[in-house]
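Asks: Pasting a structure here, questions to come.
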Amino acid sequence: MMQLVAPDCYGDFADELHEMHRLRYRVFKERLDWDVRTNGGYEIDSFDAL
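Quick note on numbering: the sequence shown equals residues 2 to 51 in my numbering.
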């Protein structure tokens with residue numbers, strides 16, 4: 002299932018957003034070894050700010 006979270010609701014879904022970024026880190030950095038920017042076990046890119 003996919004959920005779209007609007008920026009004004011980020012606080013209500015903080016746990017889910019943190020888990021999403023941790024999962025992206027595990028998949029894209031650890032598993033696939035892609036050259037992605039990471040920070041403290043999270044994968045967050047410029048598209049997350051849109």
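Glycine included, each C-beta is placed from N, C-alpha and C at the ideal position.
1. Which residue or residues does DSSP assign as beta-bridge partners of Glu-44?
2. What residue does the alpha helix (DSSP H) around Arg-27 start on, and which one ends it?
3. Closest to Thr-39 by C-alpha separation, out of Met-3, Arg-25, Pro-8, Tyr-11, would be which residue?
4. Pull up the distance between the alpha-carbon of Met-2 and that of Asp-36, whole angstroms please.
5. Starting from the Cα of Lys-30, find the closest Cα among Leu-51, Ile-45, Tyr-11 and give me that residue.
Replies: Quick look at the numbers:
1. Looking up residue 44 in the sequence shown gives position 43. Glu-44 is bridged to Thr-39.
2. Reading the sequence shown from its first residue, position 26 is the one you call residue 27. Careful: Arg-27 lies outside any alpha helix (DSSP H) and carries neither H nor E.
3. Locating residue 39 in the sequence shown gives position 38, where the first residue counts as 1. When each option's Cα is compared against that of Thr-39, the closest is Arg-25.
4. By 1-based counting over the sequence shown, the position of residue 2 is 1. By 1-based counting over the sequence shown, the position of residue 36 is 35. Approximately 27 Å, taken between the alpha carbons.
5. Residue 30 sits at position 29 when you count from the first residue of the sequence shown. The residue with the shortest Cα to Cα distance from Lys-30 is Ile-45.
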